[in-house]
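Enquirer:
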Amino acid sequence: MNGFLKQRFGFIWLVLFLAACQSDAAAITEDTVLLSNVEDGIIAYEDLVVGYSQIGAESEWRTGNTASIKEAAENLGVELIFSDGQQKQENQIKAIRTFIAQQVDVIGVSPVVETGWDSVFQEAKDAGIPIILVDRRADVPEDLYTTYLGSDFVEEGRNAARVMVDLLGGEGDIVELVGTVGSAPAIDRYEGFREIIQDYPGMRIIASQSGDFTRAKGEEVMGDFLQLYGDEIDAVYAHNDDMAIGAIQAIEAYGLKPGEDIKIVSIDAIRDAFQAMIDGKLNATIECNPLLGPQFFELALKVVNGEVVPKWIPSEEEIFFPEDAEEVLPTRKY
Ligand code: GZL
Numbered sequence: 288m289n290g291f292l293k294q295r296f297g298f299i300w301l302v303l304f305l306a307a308c309q310s311d312a313a314a315i316t317e318d319t320v321l322l323s324n325v326e327d328g329i330i331a332y333e334d335l336v337v338g339y340s341q342i343g344a345e346s347e348w349r350t351g352n353t354a355s356i357k358e359a360a361e362n363l364g365v366e367l368i369f370s371d372g373q374q375k376q377e378n379q380i381k382a383i384r385t386f387i388a389q390q391v392d393v394i395g396v397s398p399v400v401e402t403g404w405d406s407v408f409q410e411a412k413d414a415g416i417p418i419i420l421v422d423r424r425a426d427v428p429e430d431l432y433t434t435y436l437g438s439d440f441v442e443e444g445r446n447a448a449r450v451m452v453d454l455l456g457g458e459g460d461i462v463e464l465v466g467t468v469g470s471a472p473a474i475d476r477y478e479g480f481r482e483i484i485q486d487y488p489g490m491r492i493i494a495s496q497s498g499d500f501t502r503a504k505g506e507e508v509m510g511d512f513l514q515l516y517g518d519e520i521d522a523v524y525a526h527n528d529d530m531a532i533g534a535i536q537a538i539e540a541y542g543l544k545p546g547e548d549i550k551i552v553s554i555d556a557i558r559d560a561f562q563a564m565i566d567g568k569l570n571a572t573i574e575c576n577p578l579l580g581p582q583f584f585e586l587a588l589k590v591v592n593g594e595v596v597p598k599w600i601p602s603e604e605e606i607f608f609p610e611d612a613e614e615v616l617p618t619r620k621y
């Protein structure tokens, strides 16, 4: 029996017991005190059954995010039903429908793309199961999800541009490796970057293409850019470190020095990005925190116990540079 049913069963037992105690055994009337909030009516972590629909395993960031969610469930004693969507929306929708059939207490989702979620989220709402968006937002009416726990991707794009302006002195030709097409981070990092560089006419984005957040695709697309533009390219803006690391490989194969001949700014702040900065091949990484597991389950518990939570809980994030890399790398958890 999942936590939701335990709570309701416990509540029904309690009210029936109180009713039976009454000398006249009166029927339950609207005057019956509904004591659903007694201490043992509150769901604990050990009672919680949570379905989690994860995007896939496309990047080191995602690996760290999944580890954080699974470790937190283990540590808290939460029953976690975890599904890897392999970066396909249809797999995530199937998983959510399965969670509904299993009557879990809460559904966590990291939507691979922003659109196409309305009907399955409505099904969860009709089943009385709250949805918590984790990491990425979905473009749905606000009544179809309870809260969003994740980064401000537009600000991450702005920060990447601010660093790039400094690196290039306000002048330069940039190629952009975009994240998964249609995903919230790709849309917002694209927008945030342009919001800042539009004030610097000398800074031009001469090419922009999706590398789908993966190293392999990042290397492939960067290779194409180098065939087209060669040493005209002054810098790379990569929407995540995995694509930046792929680009580093392509730049070296082309015979140029990444981090020197071509500057590189990316996002996530994974361990390999710190190593690339130590090696002088990456010029900055903007943190995007994947370690959301503990916060997610804390939110889930609050939501199931009827507490009001903010509609968006943004993550705290920093910007890291090569001079910090040596000292910070040992402290990084993903
Ligand atoms: C951002 C997250 C992105 C990372 C990528 O919150 O959704 O997806 O930046 C990951 O590394 O693949």
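Under this note's numbering, residue 621 is the last one in the sequence shown; the count climbs by one each step, no gaps. Note that beta-carbon positions come from the ideal geometry of N, C-alpha and C, so glycine has one too.
Any heavy atom of the ligand GZL inside 6 Å of the beta-carbon of Pro-398?
Expert: Along the sequence shown, read from residue 1 onward, the residue named residue 398 stands at position 111. No, since every heavy atom of the ligand GZL falls outside the 6 Å radius drawn around the Cβ of Pro-398.
Enquirer: When you compare only the Cα positions, how much space is there between Ile-416 and Ile-538?
Expert: In the sequence shown, the residue the question calls residue 416 occupies position 129. In the sequence shown, the residue the question calls residue 538 occupies position 251. If I take the Cα positions, the gap works out to 48 Å.
Enquirer: Should Ala-522 be labelled buried (16 or more other beta-carbon atoms within 10 Å of its own) or exposed?
Expert: By one-based count along the sequence shown, residue 522 stands at place 235. Buried, since its Cβ has 16 or more Cβ neighbours within 10 Å.
Enquirer: From Met-490, Glu-463 and Gln-374, pick the residue whose C-alpha is nearest to that of Ile-627; which is it?
Expert: This structure cannot speak to residue 627, because the chain is shown only from 288 to 621.
Enquirer: Please classify Val-596: does DSSP put it in a helix, a strand, or coil?
Expert: Start at 1 with the first residue of the sequence shown, and residue 596 comes out as number 309. The answer is coil: DSSP assigns Val-596 none of H, G, I, E or B.
Enquirer: Quick check on DSSP: helix, strand or coil for Thr-350?
Expert: To locate residue 350, count along the sequence shown from 1; it is residue 63. Thr-350: helix per DSSP, three-state reduction.
Enquirer: In chain order, what are the residue ranges of uninterrupted alpha helix (DSSP H) at least 4 long that sit wholly in the region 428-501?
Expert: 440-455 and 471-484
Enquirer: How many angstroms separate the CA atom of Pro-617 from the CA atom of Gln-562?
Expert: Taking the sequence shown and counting its residues from 1, the one referred to as residue 617 is at position 330. Taking the sequence shown and counting its residues from 1, the one referred to as residue 562 is at position 275. Those two C-alpha atoms are separated by around 10 Å.
Enquirer: Using only the heavy atoms of the ligand GZL, determine whether one of them is closer than 6 Å to the beta carbon of Ser-370.
Expert: Mapped onto the sequence shown, residue 370 falls at position 83. No heavy atom of the ligand GZL is found nearer than 6 Å to the CB of Ser-370.
Enquirer: Identify every run of the beta strand (DSSP E) within the region 350-406, keeping only runs that are complete inside it and at least 3 residues long; order them along the chain.
Expert: 366-371 and 393-396
Enquirer: Report the CB separation of Lys-598 from Glu-443 in whole angstroms; it is logged as a contact under 8 Å.
Expert: The residue labelled residue 598 in the question sits at position 311 within the sequence shown. The residue labelled residue 443 in the question sits at position 156 within the sequence shown. With 8 Å as the limit, Lys-598 and Glu-443 do not qualify as a contact, their Cβ atoms being about 20 Å apart.
Enquirer: Could you tell me which residues DSSP pairs with Ser-553 in its beta bridges?
Expert: Position 266 of the sequence shown, counted from the first residue, corresponds to residue 553. BP columns for Ser-553 point to Thr-572.
Enquirer: Skipping 5 residues on each side, what residues in its chain have a beta carbon closer than 7 Å to that of Thr-316?
Expert: Your numbering for residue 316 matches position 29 in the sequence shown. Note on Thr-316: pLDDT 41, under 50, position unreliable in the model; no value is reported.
Enquirer: Distance, Cα to Cα, Asn-362 vs Asp-559?
Expert: The count along the sequence shown starts at 1 and reaches residue 362 at position 75. The count along the sequence shown starts at 1 and reaches residue 559 at position 272. Between Asn-362 and Asp-559, the C-alpha separation is close to 27 Å.
Enquirer: Write down the C-beta distance between Asn-352 and Leu-588 rounded to the nearest angstrom, noting that I regard them as a contact closer than 8 Å.
Expert: Taking the first residue of the sequence shown as 1, we reach residue 352 at position 65. Taking the first residue of the sequence shown as 1, we reach residue 588 at position 301. 20 Å between Cβ atoms; not a contact.
Enquirer: Which residues bound the beta strand (DSSP E) around Ala-525?
Expert: Translated into the one-based positions of the sequence shown, residue 525 becomes position 238. 522-525 is the span of the beta strand (DSSP E), which, as asked, contains Ala-525.
Enquirer: On the DSSP bridge list, what partners appear for Pro-545?
Expert: Residue 545 sits at position 258 when you count from the first residue of the sequence shown. Ile-549.
Enquirer: When we look at the beta-carbon of Leu-605 and count the other beta-carbons within 10 Å, is it buried (16 or more) or exposed?
Expert: In the sequence shown, counting from the first residue as 1, residue 605 sits at position 318. Note that residue 605 is Glu in the sequence shown, not Leu. Classification of Glu-605: exposed, given that the 10 Å Cβ count is below 16.
Enquirer: Could you tell me the boundaries of the beta strand (DSSP E) in which Leu-579 lies?
Expert: For the purposes of this step, residue 579 is identified with residue 292 of the sequence shown, where counting begins at 1. Per DSSP, Leu-579 belongs to no beta strand (DSSP E) and is neither H nor E.
Enquirer: Does the ligand GZL have even one heavy atom less than 6 Å from the beta-carbon of Phe-583?
Expert: Here residue 583 is taken as the residue at index 296 of the sequence shown, counted from 1. No, Cβ of Phe-583 sits at least 6 Å from all heavy atoms of the ligand GZL.
Enquirer: If you follow the beta strand (DSSP E) that Ile-418 is part of, which residue opens it and which one closes it?
Expert: Looking up residue 418 in the sequence shown gives position 131. It spans 418-421 - the beta strand (DSSP E) in which Ile-418 sits, taken as one unbroken run.
Enquirer: Given a threshold of 16 other Cβ atoms within 10 Å of its Cβ, counted over all protein chains shown, does Val-595 qualify as buried or as exposed?
Expert: The count along the sequence shown starts at 1 and reaches residue 595 at position 308. Flag for Val-595 reads exposed.
Enquirer: Under the three-state reduction of DSSP, which class applies to Gly-343: helix, strand or coil?
Expert: As a position in the sequence shown, residue 343 is number 56, starting the count at 1. Reduced to three states, the DSSP call for Gly-343 is coil.
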